[in-house]
């Protein structure tokens, strides 16, 4: 394998003659999530063959965001790129070098579509969406309607909102009023979409399916084509939004931390498993039961979480999504 110090970063831009937004579409932010890379390469081949003209605005493709992780077929090179994403004056690991290249590139664009896949054995594709318009300190935002309009046209029916708010609430609990620690850990929550929003753009993370699901590259391909058509980058019919009655929208409400290495789940949970109010989810090391405080769905359960890190999230239905 090529030494990490000799790896390079690659982006390819196509610019049309007409006015339009600057879109960036990325794959392999995590190196073992290859469906986005495959879909991007398929689209680029069509553009290069002259069968898919770029007529307005521009689109930048990053087939492989993290080449070290991709070459290793691992989630990360040295660490998770989708945490603490920001330029570093003194890079300490490979992902810092990625960030020093990627962050300025993101800032040159208006819209990000970041294509991922997930590890769970079962489950359908879903899209992670940003906050409501707000002027708050955690994640100020002004492009809610545009972001959600695009989300509803990616070709999937499940939507998740509220990650940063739930994560930030957990961070505030852990920081116990230490302002400096609070800012440090909140910065740790900055990933590709959060960074894109912080530069004035809007962004979506699409989880296209399980890592090895042969349908995942097609989900990614459809999402790219629908994005280019909806934003009029290509000359194609405008994709229609998924009807409200077919959607499942969930709001992440609370995160629960693993407090001790001995904390355990009572069963093998998977994202989107339903939980009833009062249902036992786990047990603390001292024997205290951990129960659901409301009915909803569990998200991102992490049996390997370290103490004082996120263990699982709880979501509840968000029927207002897309109607705001």
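In our numbering, the protein residues as written are 10 to 333.
Every residue, glycine too, gets a C-beta built ideally from N, C-alpha and C.
All values reported here derive from a predicted model rather than from experimental measurement.
Output the distance between the C-alpha atoms of residue i and residue j, rounded to the nearest integer angstrom.
i, j, result
"residue 48", "residue 72", "9 Å"
"residue 221", "residue 41", "9 Å"
"residue 196", "residue 58", "42 Å"
"residue 114", "residue 255", "36 Å"
"residue 204", "residue 235", "23 Å"
"residue 61", "residue 110", "28 Å"
"residue 123", "residue 96", "19 Å"
"residue 322", "residue 25", "42 Å"
"residue 33", "residue 10", "28 Å"
"residue 35", "residue 247", "22 Å"
"residue 93", "residue 201", "10 Å"
"residue 294", "residue 179", "20 Å"
"residue 70", "residue 27", "19 Å"
Who are the Cβ neighbours of residue i in its own chain at under 7 Å, not counting the five residues just before and after it?
i, result
"residue 23", "56, 63, 67, 68"
"residue 100", "106, 109"
"residue 273", "291, 292"
"residue 224", "218"
"residue 88", "102, 104"
Sort the options by Cα distance to residue i and report the nearest one.
i, options, result
"residue 20", "81, 41, 50", "50"
"residue 7", "314, 311, 303, 94", "The chain is shown from 10 up to 333; residue 7 falls before or after that span and cannot be answered."
"residue 253", "168, 75, 200", "168"
"residue 128", "279, 219, 10", "219"
"residue 271", "90, 317, 258", "317"
"residue 84", "260, 37, 124, 274", "37"
"residue 46", "116, 94, 126, 32", "126"
"residue 182", "98, 319, 307", "319"
"residue 226", "150, 154, 134", "134"
"residue 90", "259, 25, 144, 199", "199"
"residue 121", "88, 30, 249", "30"
"residue 143", "132, 207, 131", "207"
"residue 261", "27, 53, 177", "177"
"residue 329", "93, 257, 313", "257"
Is the Cβ of residue i closer than 9 Å to any Cβ of chain B?
i, result
"residue 67", "Reference to chain B is not applicable here, since this structure consists of a single protein chain."
Please go through the same chain and pick out, in chain order, the residues whose beta-carbon is closer than 6 Å to the beta-carbon of residue i, but skip the five residues on each side of it.
i, result
"residue 76", "16"
"residue 244", "64"
"residue 152", "211"
"residue 289", "275, 298, 300"
"residue 13", "77, 103"
"residue 79", "37, 40, 73"
"residue 278", "307, 310"
Might you give, ordered along the chain, the residues of its own chain that have their beta carbon closer than 8 Å to the beta carbon of residue i, omitting 5 neighbours on each side?
i, result
"residue 136", "160, 163, 165, 167, 168, 169, 213, 214, 215, 216"
"residue 82", "40, 41"
"residue 141", "150, 153, 333"
"residue 305", "259, 262, 283, 284, 323, 324, 325, 326"
Restricting to runs no shorter than 4 residues, where is the alpha helix (DSSP H) found entirely within the stretch 122-203?
For secondary structure counted as the alpha helix (DSSP H) over 4 or more consecutive residues, the stretch 122-203 holds these complete runs in sequence order: 153-160, 172-184, 188-197.
Length-filtered (4 minimum) alpha helix (DSSP H) runs lying within the stretch 33-106
Whole alpha helix (DSSP H) segments, 4+ residues: 44-57, 76-81.
Measuring CB atoms only, is the stretch 230-240 touching the stretch 283-290, in the sense that at least three cross pairs come out at less than 8 Å?
Judged by Cβ distances under 8 Å, the stretch 230-240 makes no contact with the stretch 283-290, as fewer than three pairs qualify.
Would you call the stretch 152-162 and the stretch 233-247 in contact, with 3 or more CB pairs under 8 Å?
Touching, per the Cβ criterion.
Can you confirm whether the stretch 265-276 touches the stretch 163-177 when touching is taken to mean that 3 or more C-beta pairs between the two stretches lie within less than 8 Å?
Cβ pair count under 8 Å is below three, so no.
What are the start and end residues of each continuous alpha helix (DSSP H) run of 4 or more residues lying completely inside the stretch 201-266, in chain order?
For the stretch 201-266, whole alpha helix (DSSP H) runs of length 4 or above, ordered along the chain, are 201-207, 225-239.
Can you give, in chain order, each stretch of the beta strand (DSSP E) that sits fully within the stretch 268-298 and has at least 3 residues?
Qualifying beta strand (DSSP E) stretches, in chain order: 289-292.
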